[in-house]
Every structure is written in structure tokens, then in C-alpha cells.
Amino acid sequence: MGKQRRGRGIKKTPNWRGTCRLCGRTGVKLLWEKVIGTEKVKCCKICANQR
Ligand SMILES: [Zn+2]
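With our numbering, letter number 4 in the sequence shown gets 4, and the count goes up by one each step, no holes.
So this is what it looks like as C-alpha cells:
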């Protein structure tokens, strides 16, 4: 049993795993959001940390 509180409400989010639209990685956690222009895009942690 490790720490269960990782990410932001990871257990509450269905389909939290998928393909990042920014970097194209598959099977990443899409728990972060980035605003691209006027659109909110779900992205992985890596993309969220960039800029
Ligand atoms: Zn990404």
C-alpha cells in the first residue's frame, strides 16, 4: 500500500487515462489542463510542466 493521494482526485475522474493531445503520448494520465488559445485541453504532466 503506497500513498493513495496522488494527483488531484485521481480516483474521482473516469477515463483519466488516455492520449495526450499535446505530445501524443498514449496511456498517460490526463489530470492536467492547459489553455491553448481559447480551448481547454487535457494534457499530461509533462506538457503541464512545460511553460
Ligand atoms: Zn503531453
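We treat Cβ as the ideally placed atom computed from N, Cα and C, and that holds for glycine.
Under DSSP, the alpha helix (DSSP H) around C47 begins and ends at which residues? Residues 45–49.
How many angstroms separate the CA atom of R21 from the CA atom of P14? Each residue's Cα considered, the two are about 17 Å apart.
Can you name the residues that DSSP bridges to W32? DSSP output for W32 lists C43 as bridge partner(s).
Does DSSP classify M1 as helix, strand or coil? Note that M1 has pLDDT 48, beneath the 50 cutoff, so the model's placement of it is unreliable and the number below is only indicative. In the three-state scheme derived from DSSP, where H, G and I count as helix and E and B as strand, M1 is classed as coil.
Opposite G18 in the DSSP bridges: which residues? Secondary-structure assignment with DSSP links G18 through a beta bridge to V28.
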